[in-house]
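The opening position of the sequence shown corresponds to residue 973 in the numbering used here, with each subsequent residue numbered one higher. No residue lacks a Cβ here, since even glycine has one placed at the ideal position from N, Cα and C.
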Amino acid sequence: MTRGREHNWLHVVAEDMAEARAQFVAATERDPADRGLDHATAQAAEAVRGIVKDGPIQRVTEELARLDREAERAERHADRWEQAANRLDAQRAAHRAESDESTAALRQAEEEAARVRAKVAAPLTKQAEQDGATYLARVEAERTASTRLATVGRFGRRKARDEHRAASEQAATIRVHLRDEWDAEPPRTRSALPEWATQVAERRAEADPRVSEANQAVETARTERTTTVDRHRNERLALLASEYGAENARAHQYGMRALNPRRNARDARTRADFLRVESAELRSLPTNVAAKLIETKRAEQERGRQQATERARQLHSPFANDPQRYDPRREGPARGL
């Protein structure tokens, strides 16, 4: 068939008129273009109706493109959160190693200081026990001489007085020695002697240069540990600020907000998977059905937004749920007798 603007020409080769008529009927049924150019144009317009503006094909195509963009964005976010989690984990591991090292250094310094202190205090404790025992013996001798002086007869009083005087002088002398040597009052009883000797020896040992040096090492280790802890806190805050922003990092530091990049990554992956599933569902449907499904979901989303807006309005309006509670247009109670 040859198509023209005003006429279409059908070329038939047949043995007789009946066969030619049959070919003509078959051609008109097979090719609608022989119904004229206007009809063919209408048919073409009908065929492309779905891809014009606001048609179902365009709506489905745009929705699929949006779903793909959102899925790709969610996957990028998931990758970013996973990278952030890896950086935070690496920093945490490095900080833990440094913290363990500083803790071990402090513990070692404290143990060394205790060892040096015990080594220095051991002979001092022994000396203090000896001095204390000597003092208590002199005090006991003075007490015995005093008792003898009080009970001796007239003929032995002079000797007893001399013995008491000598015992008192010896007790006074060693009392002064103890105070000067140990910078403490002497022990009162033998049962208190061990504790007294330990206390004065430890106090005396603190002045020893070896103990002072060991104590200085402890203070240095303690200062380094404090510095390490402060540095770790500042580095953690700086990294969180670079990942989440300064405001969120400060809120996390004060326990006002929990930051969990691993959970954020999982949520982003879940959203990407959901969007991919939704996109696959639309692609599996006929165009008109997919377009109808898109319209239905958009309507549901719009209703959800409107309901959320209404709930928010009611929460912020104290009279939204009780319109009778306050209405400036209502008239007050009638006054009468």
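Between the CA atoms of residue j and residue i - distance to the nearest angstrom
| i | j | result |
| --- | --- | --- |
| residue 1031 | residue 1071 | 59 Å |
| residue 1123 | residue 1112 | 17 Å |
| residue 1264 | residue 1252 | 16 Å |
| residue 968 | residue 1220 | The question about residue 968 has no answer, for the chain in this structure spans 973 to 1309. |
| residue 1051 | residue 1243 | 13 Å |
| residue 1272 | residue 1266 | 10 Å |
| residue 1279 | residue 1037 | 28 Å |
| residue 1156 | residue 1110 | 18 Å |
| residue 1208 | residue 1047 | 26 Å |
| residue 1198 | residue 1205 | 11 Å |
| residue 1106 | residue 1181 | 28 Å |
| residue 1138 | residue 1166 | 28 Å |
| residue 1195 | residue 1153 | 34 Å |
| residue 1160 | residue 1079 | 38 Å |
| residue 1133 | residue 1141 | 12 Å |
| residue 1232 | residue 1283 | 29 Å |
| residue 1223 | residue 1201 | 19 Å |
| residue 1291 | residue 1241 | Caution applies to residue 1291, whose pLDDT of 49 falls short of 50 and renders its modelled position unreliable; the model cannot decide the point. |
| residue 1136 | residue 1143 | 10 Å |
| residue 1274 | residue 1281 | 11 Å |
| residue 1162 | residue 1226 | 57 Å |
| residue 1091 | residue 1077 | 21 Å |
| residue 1259 | residue 1212 | 47 Å |
| residue 1062 | residue 1068 | 10 Å |
| residue 936 | residue 1229 | Lying outside 973 to 1309, the shown extent of the chain, residue 936 is not represented and no answer is given. |
| residue 1053 | residue 1285 | 34 Å |
| residue 1121 | residue 1102 | 28 Å |
| residue 1255 | residue 1269 | 16 Å |
| residue 1174 | residue 1114 | 30 Å |
| residue 1108 | residue 1164 | 11 Å |
| residue 1257 | residue 1203 | 58 Å |
Environment of residue i [buried if 16+ CB atoms lie within 10 Å]
| i | result |
| --- | --- |
| residue 989 | exposed |
| residue 1276 | exposed |
| residue 1287 | exposed |
| residue 1028 | buried |
| residue 1309 | Confidence at residue 1309 is low in this model, with a pLDDT of 34, below 50, so the placement of that residue is unreliable and no value is reported for it. |
| residue 1104 | buried |
| residue 1261 | exposed |
| residue 1074 | buried |
| residue 1116 | exposed |
| residue 1178 | exposed |
| residue 1097 | buried |
| residue 1100 | buried |
| residue 1093 | buried |
| residue 1158 | buried |
| residue 1186 | buried |
| residue 1035 | buried |
| residue 1176 | buried |
Proximity test, residue i beta-carbon vs the ligand SAM heavy atom, cut-off 7 Å
| i | result |
| --- | --- |
| residue 1160 | As far as ligands go, the structure on display features none, and thus does not contain the ligand SAM. |
Original post:
Is the segment 1041 to 1050 in contact with the segment 1236 to 1252, if contact means three or more CB pairs nearer than 8 Å?
Top reply: The count of Cβ pairs closer than 8 Å, one atom from the segment 1041 to 1050 and one from the segment 1236 to 1252, reaches three, so the stretches are in contact.
Original post:
Is the segment 1137 to 1149 in contact with the segment 1169 to 1189, if contact means three or more CB pairs nearer than 8 Å?
Top reply: no
**OP:** Take every Cβ of the segment 1190 to 1205, pair it with every Cβ of the segment 1080 to 1088, and state whether three or more of those distances are shorter than 8 Å.
**Re:** The answer is yes - the segment 1080 to 1088 touches the segment 1190 to 1205, with three or more Cβ pairs under 8 Å.
Subject >> Meets three-Cβ-pair contact criterion under 8 Å: the segment 1235 to 1242 and the segment 1049 to 1059 >> reply: yes
Original post:
Curious, which full-length alpha helix (DSSP H) runs of at least 4 residues does the segment 1219 to 1258 contain?
Top reply: Every alpha helix (DSSP H) of 4 residues or more that sits fully in the segment 1219 to 1258 is shown, in chain order, as 1233 to 1256.
Subject >> At least 3 beta-carbon pairs within less than 8 Å: the segment 1203 to 1221 vs the segment 1122 to 1142 >> reply: Between the segment 1203 to 1221 and the segment 1122 to 1142, the count of Cβ pairs shorter than 8 Å is below three; the stretches do not touch.
Original post:
Hey, which unbroken runs of the alpha helix (DSSP H) at 4 residues or more fall wholly within the segment 1175 to 1216?
Top reply: Runs found: 1181 to 1216.
Subject >> Length at least 4, wholly inside the segment 1081 to 1161: the alpha helix (DSSP H) runs in chain order >> reply: 1129 to 1154
Subject >> Contiguous beta strand (DSSP E) assignments of at least 3 residues, all confined to the segment 1032 to 1084 >> reply: none
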